[in-house]
Amino acid sequence: MGKHDPHFTPRLMPAPEAAHYLGVSESMLRQLDLPRRMLGAKRLYDRFDLDAYASSLPIEGES
52 MGKHDPHFTP
62 RLMPAPEAAH
72 YLGVSESMLR
82 QLDLPRRMLG
92 AKRLYDRFDL
102 DAYASSLPIE
112 GES
């Protein structure tokens, strides 16, 4: 697979990475109640869901 790409963002990520991706705290991420995917016993956030949430936020100055 080659060297680790520091710009690579995984499709599925645990809460700390998902919170960092959105720029919020983990407690805020939990309050958002976004869907999570199960991979074995792991609960992971899907980057597509995080992007959809971010895109749904209002744009400053628009009503």
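This note's numbering applies: residue 52 is where the sequence shown begins, and numbers increase by one. For glycine and all other residues, C-beta sits at the position ideal for the given N, C-alpha and C.
For residue 86 versus residue 100, is the C-beta distance shorter than 8 Å?
Against the sequence shown, residue 86 aligns to sequence position 35. Against the sequence shown, residue 100 aligns to sequence position 49. Closer than 8 Å, so yes.
Quick one: give me the first and last residue of the beta strand (DSSP E) that residue 88 is part of.
Against the sequence shown, residue 88 aligns to sequence position 37. Start and end: 88-90.
In angstroms with no decimal places, state the Cα-to-Cα distance between residue 106 and residue 62.
Position 55 of the sequence shown, counted from the start, is the residue given in the question as residue 106. Position 11 of the sequence shown, counted from the start, is the residue given in the question as residue 62. Each residue's Cα considered, the two are about 17 Å apart.
Start-to-end residues for the beta strand (DSSP E) that takes in residue 108
As a first step, residue 108 is located in the sequence shown; it is residue number 57 there, counting from the start. No beta strand (DSSP E) holds residue 108; DSSP gives it neither H nor E.
Where residue 94 falls: helix, strand or coil (DSSP)
Reading the sequence shown from its first residue, position 43 is the one you call residue 94. Strand at residue 94.
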